[in-house]
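Below: the structure, in structure tokens.
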Amino acid sequence: MSSQERPVTLEVNGDPVRVFVEARKTLADTLREDCGLTGTHLGCEQGVCGACTVLIDGDPVRSCLMFAVQAEGSEIRTIEGLESADGTLHPLQQSFWDHHGLQCGFCTPGFLMLAAGVLEKDPNADEETLREALSSNLCRCTGYQNILKSVLAAAEKLRS
Amino acid sequence: MVIGQRVKRLEDYPLLTGRGGFAADQSRTGQLHARFVRSQVAHGRISGIETDQARARPGVVAVLTAADLPPSFPKIAPRQVGFDEMVPYLQSVLACDRVRYVGEPIAVVIATDAYEAEDAAEDVFVHIEELTVVVDPRVEPSAWDDLGHDTEVMLINEAYGEVDEAFSTAECVVELELSVGRHSGVPMETRGTLAWTDPMTGTLHVGGAAKVPHYNRNALASMLGLDRDRVQLHEIHVGGGFGIRGELYPEDVVVAWAALRLGRPVKWIEDRQEHLIAANHSRDQVHVIKAAVGLDGVIHAIDDEFWQDQGAYVRTHGATVPTLTATLLPGPYRVPAYRVRGHIRLTNKTPAGTYRAPGRYEGSFVRERLVDVIAERLDLDPAEVRRRNLIGHEEMPYLRPMSVLGSKIEYDSGQYVRMLDRVLDHVDYPTLRADVAQRRADGEHVGFGFGFFVEKSGLGPYEGVRASVDPDGALRIVTGAASVGQGVETTIAQIASEVLGIDYASIRVSHGQTDELPYGFGAFASRVTVMTGSATHLAATEIREKALEIAAQMLEASPEDLELVDGRISVRGTPARSLTLGQVAADLDPSGARRHGTTPSLSAESWFHTDHMTYPYGLHFAVVHLDPETGHVAFERYVIAYDVGRAINPTLIEGQIVGGLAQGLGGALYEQFVYDDLAQPQATSFIDYLMPTLMEMPEVEVLLSEDAPSPLNPLGVKGAGEGGTTGAGAAIAGAISDALGSAEIIHSIPVAPATIWATLNDA
Chain A
-16 MSSQERPVTL EVNGDPVRVF VEARKTLADT LREDCGLTGT HLGCEQGVCG
34 ACTVLIDGDP VRSCLMFAVQ AEGSEIRTIE GLESADGTLH PLQQSFWDHH
84 GLQCGFCTPG FLMLAAGVLE KDPNADEETL REALSSNLCR CTGYQNILKS
134 VLAAAEKLRS
Chain B
158 MVIGQRVKRL EDYPLLTGRG GFAADQSRTG QLHARFVRSQ VAHGRISGIE
208 TDQARARPGV VAVLTAADLP PSFPKIAPRQ VGFDEMVPYL QSVLACDRVR
258 YVGEPIAVVI ATDAYEAEDA AEDVFVHIEE LTVVVDPRVE PSAWDDLGHD
308 TEVMLINEAY GEVDEAFSTA ECVVELELSV GRHSGVPMET RGTLAWTDPM
358 TGTLHVGGAA KVPHYNRNAL ASMLGLDRDR VQLHEIHVGG GFGIRGELYP
408 EDVVVAWAAL RLGRPVKWIE DRQEHLIAAN HSRDQVHVIK AAVGLDGVIH
458 AIDDEFWQDQ GAYVRTHGAT VPTLTATLLP GPYRVPAYRV RGHIRLTNKT
508 PAGTYRAPGR YEGSFVRERL VDVIAERLDL DPAEVRRRNL IGHEEMPYLR
558 PMSVLGSKIE YDSGQYVRML DRVLDHVDYP TLRADVAQRR ADGEHVGFGF
608 GFFVEKSGLG PYEGVRASVD PDGALRIVTG AASVGQGVET TIAQIASEVL
658 GIDYASIRVS HGQTDELPYG FGAFASRVTV MTGSATHLAA TEIREKALEI
708 AAQMLEASPE DLELVDGRIS VRGTPARSLT LGQVAADLDP SGARRHGTTP
758 SLSAESWFHT DHMTYPYGLH FAVVHLDPET GHVAFERYVI AYDVGRAINP
808 TLIEGQIVGG LAQGLGGALY EQFVYDDLAQ PQATSFIDYL MPTLMEMPEV
858 EVLLSEDAPS PLNPLGVKGA GEGGTTGAGA AIAGAISDAL GSAEIIHSIP
908 VAPATIWATL NDA
């Protein structure tokens, strides 16, 4: 630990994690490099594309726009924690697979965490609400049609 | 039958669960991080580079400039459509004495931490004496260097038929100036490279390769002075291709060279700002086009002159884009006489390369706008003018007397009129037209537009696979082609499954590894399903024949009495006498093979060769509504008809089409690399470079057809990667122009809301 690094305590996907990072290190880089969770992707580091979206205390957050030290004490969920402990895919993951909601897959973790966050807060979110929410992330392969279809079908399944 | 089925993708599980491995996800013990120092000036002479302060920073291992490169270090050569005239215009991997665009790499800082490398790069001071910039490719060519070369790299000339005669006798001549803006693929994953040498063998490994790993391996080996087998490239997950990703760029070469020089792994991950000013731009053409037309709307000749803004250097694509533009511009129409001159001009902008539907997006926009204006001037229906000019089914194969990418242009098959009719029926065109007319009369701003096009796909000359069945029955397929996220593994597995009756989901497909197969062409030009798919079909067929022959010996039956169902070979009518493919494979170990009098292993290596491309075709049809208050374009309908000859997996093809449209729509309405008068880039973030989100996308109605299988390959397939993009600029611009009241209003894309607002408000 260099003099500029400081300890940060997080709960990541249910596990307590203590890392030593410089104050300027982003949460995204910390998750990827210090926690080994490379499923959170960086598409712009400008806070626009949303590929780095994770859930912090239940809220979808751009992890590229936040320093790890700002997340001290937070409960963080990443794509690696979305499936069940027994390996069963989350209904959103299954639905993206069933409805061809991904192509290259780079933006996918961000969309999944965004949708998971929105649906956990508002399980009855209607199509308009989901469209609005999903339009905050960028995808360059799918044209979004199947992403929306995947999320709508998963929302239905989660409700039933 | 698994061909034609909408099976789920084999690729998805790791990508859905965070188990993917993209370029930035790879790491090696002891790795260093590279950060490039780039020119902030669009044109100038380098008078000095101060690196001392950067070198003194903690964690900095090296600061390298062109002076550190070996003497006469090669420049990056064109991969395709290269000409001798281009040699003076190629880019050095690090700028030597002159910089020619903002973003050009000048030095590289190598440090133990990426943050430290970035800090140190800001402490490298480059002194540059600024020179005059060229921003407009249409100004008279000026001096490019001190050796007598000017900014026109070359002039492309193509012609056939009696053009002058057609114009001198024409009943009507229509002339337009049309332009397509500067935009590019911009994948969600930026570029990234990790290079390391294996200390035991000295082999240089490069991870993060994409698109054309074999070509790049050979080029890197040659540039670095290494034997080919001492350089191996590894494709891992690729976050989108679109033409831009995977070409050999200066940064890739510098990172590989630095890893060799420093003897440690070097990792470089591009940031988004760098990507927007350093990776290939595309499009950006101005056309002056005229047509000689009869009063019946039949086009007798087209004469086109265009200017391609190539940016500051010629890169790996050489003259690919302007050549494709020039030769495929006539598209689906007869056009008995044609002449084109294309100027490849250099400016002080980021160099350009291909982007999904290169040359066809631009050419289709130009041609379809021309047809719309012809229809309006002659007071004819735009659909009817298209019908009168479309090449007939009975005229196939149709030879267009030009050649492109080393193959003559011969449309292999097509039912263009049938497609036009299908779309007109689908939208109930007479009713739609009357409805639009009525709403316009009522003061609404609605309109429709067409984008009919011919695509090209399946570029040769070859692609191969090695397929083998393990003794446990698993089929493994290795191909030299690459994947950029489009579903190659699933498609290839479906094709093999069709022949061998093995569950497609159990088939493993590997691609993009130079150490697995010595030759490979790659993932571009919508070629993988055609080329690798055909090679897979051949290899699977060979395995099937060998399996039946050996099983006949094992079962003491005649091969004709055997059938292969679900991976099991049995004697027809006696299902108890059967063997699995795995059992046959097990009996083909070297001893067993000797006993059977054949070569070991149940495997085949097959190569599919072709000298001709195959030509899919499609039609975009858009209906838009304009908001006079904001200039916003709302889509009421968006229909894309596309014929791929034979659909291996319709779901994946529809995915390609809808995704392709998002990019075509971006180019038609939002995306543009704007430069100011000093050639300073203005779009260096996603705040300024606007890509469509879900809110901008219409609900797309895809009409996929199999009217015209290709006679050029055993599967009848044509590529599906680009047609969703190709016709978008044309259809959207046409619809907006129509909604504004005339076909003659929109002459360039992207169409900004301000243009629409100004037109509607007479400002």
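Chains as they are written, first to last, in my numbering: chain A, -16 to 143; chain B, 158 to 920.
Every residue, glycine too, gets a C-beta built ideally from N, C-alpha and C.
| task | Express the C-alpha separation of residue 108/A and residue 216/B in angstroms, rounding to a whole number. | result | 50 Å
| task | Give the DSSP-derived three-state secondary structure of residue 185/B in the structure shown. | result | coil
| task | Assign residue 806/B to buried or exposed, taking buried as 16 or more other Cβ atoms, counted over all protein chains shown, within 10 Å of its Cβ. | result | buried
| field | Interface residues of chain A facing residue 843/B [CB-CB closer than 8 Å] | value | 27, 29, 31, 32 and 121
| query | Which partner residues does residue 329/B have in the DSSP bridge list? | reply | 450/B
| With a Cβ-Cβ cutoff of 7 Å, do residue 342/B and residue 399/B count as a contact? | yes
| At a Cβ threshold of 7 Å, is residue 428/B touching chain A? | yes
| said: Under 8 Å, CB to CB, which of the residues in the stretch 59 to 90 of chain A have a partner in chain B? | reply: 61, 62, 63, 65, 66, 72, 76, 79, 80, 81, 83, 85, 86, 87, 88, 89 and 90
| Rounded separation between residue 862/B and residue 550/B - CA only | 15 Å
| query | Under the rule that 16 or more other beta-carbon atoms within 10 Å means buried, what is residue 36/A, buried or exposed? | reply | buried
| message | Going by DSSP in three states, residue 133/A sits in which element: helix, strand or coil? | response | helix
| Which residues in the same chain have their Cβ closer than 7 Å to the Cβ of residue 873/B, if we skip the five residues on either side of it in sequence? | 802, 803, 866 and 867
| Just by C-beta distance, which residues in the stretch 163 to 176 of chain B are closer than 9 Å to chain A? | 163, 165, 166, 168, 169, 170, 171, 172, 173, 174, 175 and 176
| request: Identify, in the order they occur along the chain, each residue of the same chain with its Cβ nearer than 7 Å to the Cβ of residue -16/A, setting aside the five sequence neighbours on each side. | output: Any reading at residue -16/A needs caution, since the residue's pLDDT is 46, under 50, leaving its predicted position unreliable; the model's value is listed next. Cβ within range, chain order: 3.
| Identified DSSP bridge partners for residue 391/B | 364/B and 670/B
| Contacting residues, own chain, Cβ-Cβ under 7 Å from residue 304/B (five flanking each side not counted) | 245
| message | Would you call the stretch 687 to 704 of chain B in contact with the stretch 188 to 205 of chain B, where contact means no fewer than 3 C-beta pairs closer than 8 Å? | response | no
| said: I'd like the span of the beta strand (DSSP E) that includes residue 619/B, first residue to last. | reply: 619 to 626
| request: Determine the direct distance from the alpha carbon of residue 660/B to that of residue 737/B, and round the result to whole angstroms. | output: 13 Å
| Near residue 548/B, what residues of its chain come up, given a Cβ to Cβ distance below 8 Å and the 5 sequence neighbours on each side ignored? | 489, 490, 491, 555, 568, 571 and 573
| Whose C-alpha, out of 135/A, 23/A, 60/A and 114/A, is nearest the C-alpha of residue 42/A? | 60/A
| query | Which whole-angstrom value describes the C-beta separation of residue 371/B and residue 637/B, a residue pair presumed to lie in contact below a C-beta threshold of 8 Å? | reply | 6 Å
| Quick one: Cα of residue 290/B to Cα of residue 258/B, how far? | 9 Å
| message | Going by the DSSP bridge assignment, what does residue 858/B pair with across the sheet? | response | 796/B
| said: Tell me the rounded alpha-carbon separation between residue -2/A and residue 183/B. | reply: 24 Å
| message | For chain A, check one thing: does any of its Cβ atoms lie closer than 7 Å to the Cβ of residue 850/B? | response | yes
| task | Indicate whether the contact test is met: 3 or more Cβ pairs, each with one atom in the stretch 52 to 59 of chain A and one in the stretch 110 to 123 of chain A, closer than 8 Å. | result | no
| Environment of residue 829/B [buried if 16+ CB atoms lie within 10 Å] | buried
| query | Can you tell me whether DSSP reads residue 465/B as helix, strand or coil? | reply | strand
| Buried or exposed by the 16-neighbour rule on C-beta atoms within 10 Å, applied to residue 284/B | exposed
| request: Quick one: give me the first and last residue of the alpha helix (DSSP H) that residue 520/B is part of. | output: 517 to 534
| Taking Cβ positions only, does residue 100/A come closer than 7 Å to chain B? | no
| query | Nearest to residue 651/B by alpha carbon, out of 428/B, 666/B, 413/B and 783/B? | reply | 666/B
| query | Given a threshold of 16 other Cβ atoms within 10 Å of its Cβ, counted over all protein chains shown, does residue 980/B qualify as buried or as exposed? | reply | Residue numbering for chain B in the displayed model covers 158 to 920; residue 980/B lies beyond these limits and cannot be assessed.
| field | Near-chain B residues of the stretch 119 to 143 of chain A - C-beta to any C-beta below 9 Å | value | 119, 120, 121, 122, 123, 124, 125, 126, 127, 128, 129, 130 and 131
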